[in-house]
Each structure stands twice: as structure tokens, then as C-alpha cells.
Amino acid sequence: MKLGLVLACAAALLAGGCSDTANGAPEGKVGVVATTGMVADLARVVGGEHVHVTALMGPGVDPHLFKASAGDLDRLRAADIVLYSGLHLEGKMTDMLRRLARKQAVVRVTDALPRQRLLALADMPGHHDPHVWFDVALWAEAIPAVQRALAKADPSHADDYKRNADAYTTKLLALHDEVRTTVATIPRLRRVLITSHDAFRYFGRAYDLEVRGLQGISTVVEAGVKDVQDLAELIGKRGIKAVFVETSVSPRAIRAVQEAVKSKGHNVAIGGEMFSDAMGSKPPEDTYVGMVRHNVATLVKALK
Ligand SMILES: [Zn+2]
């Protein structure tokens, strides 16, 4: 926690307005509170030893449905920097984050991405698909936003933030190539990724893969019987071998698809668990790089 904030908090405490659930950053470190694990990962890597990063949403948490608790709000208010993904990913926090931005440093990391590389939503003009982290090269373009925010909050370590940001960009661009090469080993006709919700459109575009989600872009609207039947029909017709569950979405709907495929006289396996809107709980899947590698390995194993 920065000194200015300590003083502000002490003053607020006297007035009874500052909770003791502050961001918990040790003295001298920049306290960053991020919404999702993927955004927190950017701050951890770019900030290195100079930051203390907390993610509000842990493993298995769905950001579309996440509502901040009173304790989360205290953590956000106590942060030196608040980072969030944006493009309405954190749909139930948008207004609250906007209000917070009037008073403190709040950075929407997807603002750094070139608009022309965002996928438009056909049924919501002017809105874009928020799942940008699945195009690894595109996600790398969010790094400078985090670097700038850290350098502004803590100018004395600006050189370190720059160095870390450059190194992470290089690493992610190499990962992007690795994913492309690995996905290309799956025969083209089998390159179909079917999941509970439409989180993988950027992944499909970047790595030449057909993607189908049972639910839409958000998990707020549940899939209907017709959605299940239509998807089952497609799986049967195309002879698709596997569908995938997501760690942050209930597997119930995708199991219903599996049952519907069976009732049509075909078989489809559950190919494994994909990390879509949340990272894993254990190394290496508790990092962005680990999450991407896990997904690619799961996909290749089930489809190849
Ligand atoms: Zn999603």
C-alpha cells in the first residue's frame, strides 16, 4: 500500500468509513486488485516483486455472473490500482467499476487493444466479444496498459515494469506460435471445439478452428431445449468425437447435449475440462500461460 493511501485510510478509519479489509499490500508494494485471474496474471508478471496482486474471482468463478460483495468493494477501494478486463465481461460490476473510476486509478485492460481486431456481436450492435485472452497475440497487446498503470503509480520502478512487459510480450508471442503449430496437428475436419458457452471465438479465429458454444457469449441466458437438439444434430451429422466442459460453467448443459447425441444413435465423449473464463487452482494452470497450454493439450488429445 502506498503511503498516501495509508494516510487516507487512517483518516477514513477515524471517520468510520474505511474497513480493515484493505488490499493487504505490504508497505512499499503497489496494491493491485484485479477482477479475473487472467488480468491478475498480467499484473503479477509485469509488476514482479514490486506489486501485491489480488484477484477477486478465483478458480471456477464465472465473471458474467459475479457480483462483488461488500468485502470485495472494500478491497477495490483500498487498491492503488484496480484492473479489469472490460467489454462487459464483468457484466454485473460495470456500473460499480465506472463509479470507482471517478475516484481512483481504474484501468480497463482491453482499452489497449486495436478495435479492428475485436469480434463484433451480431445481436448487440456496438458491442464486442469480451473473451479476447484466447488469441494469445491479441492478449499480449493488453500488456502495455498494465505497464503504464504501474509506472504511473510507482515511477521509481518504471524501468523494471518496462523490462518485464517486454519479456512477457516476447513470451506470449512465442506461445502464440506454439499454439498455432500444435492446433494445426489436428486434422482440419476434426478441428471443432464445442463448449458450454461461446468463449472461444477468438481462439477459433487465431488458430483456425471451428467453435460452437451451447450458450451465447454470456452465461446469463441459459441454453434451451432447441439449442441442445441443434447442437446434437450437428455433432451426429459431422461425426464429432468430443465436446468439452468448462471449469467456470456448470457441466449440466453439455451433458444434456451428450445425452441428446446418444438418443440420436451416436456417441460423443466429454473431451475434458477447458479453462475458459477462469484459470486453474494449481500450478501451472493457475497462470495464463499454463491455462492456455492445458487447453491446447486437452483439445489435441481429444480430437486428434
Ligand atoms: Zn464467458
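If you're matching positions, the sequence shown starts at 409 in the working numbering and goes up one per residue. Idealized CB from N, CA, C, for every residue including glycine. Computed from a predicted model, the values in this text were never measured in an experiment.
Asked, Found
"Contacts around V708, its chain only, beta-carbon distance under 7 Å, and the 5 residues preceding and following it disregarded", "T590, T593 and I594"
"Presumed contact (8 Å Cβ cut-off) between P538 and L473, rounded CB distance", "Not confirmed; about 14 Å, so no contact."
"Residue burial classification, F608 (beta-carbon count within 10 angstroms, cutoff 16)", "buried"
"CA-to-CA distance, P659 to Y615, given in whole angstroms", "25 Å"
"Cβ neighbour criterion (16 or more within 10 Å) applied to E667", "exposed"
"Pairwise C-alpha distance: D568 and S656", "34 Å"
"Whole-number beta carbon distance between M682 and G445, since they are thought to touch under 8 Å", "With a Cβ gap of about 14 Å, G445 and M682 do not count as contacting."
"is_contact[G647, chain D] using C-beta, thresh 8 Å", "The structure shown contains no chain D; it is built from a single protein chain."
"8 Å Cβ shell around T429 - same chain, five flanking residues per side excluded", "At T429 the pLDDT is 39, less than 50, meaning the model places this residue with poor confidence; the figure from the coordinates comes in the next sentence. So the qualifying residues of the chain are G479, D482, R483 and A486."
"T518 classed as buried or exposed, judged by whether at least 16 other C-beta atoms fall within 10 angstroms", "buried"
"Beta-carbon proximity check, L711 vs R588, cutoff 8 Å", "no"
"Ligand 1 heavy atom lying under 7 Å from the CB of H607", "The sequence given here places Ala at residue 607; His does not occur at that position. A607: yes, Cβ under 7 Å from ligand 1."
"Extent of the continuous alpha helix (DSSP H) run through F683", "First-last for F683: undefined, no H or E at that position."
"Three-state secondary structure (DSSP) of F652", "strand"
"S564 in three-state terms, based on DSSP", "helix"
"Pairwise C-alpha distance: L622 and H605", "5 Å"
"Rounded separation between A661 and A463 - CA only", "28 Å"
"Range covered by the beta strand (DSSP E) that runs through L505", "Element bounds for L505: not the beta strand (DSSP E) but the alpha helix (DSSP H), T502 to A509."
"I585 classed as buried or exposed, judged by whether at least 16 other C-beta atoms fall within 10 angstroms", "The sequence given here places Asp at residue 585; Ile does not occur at that position. Result: exposed."
"Reference D488; option with closest CA among R571, V454 and A557", "A557"
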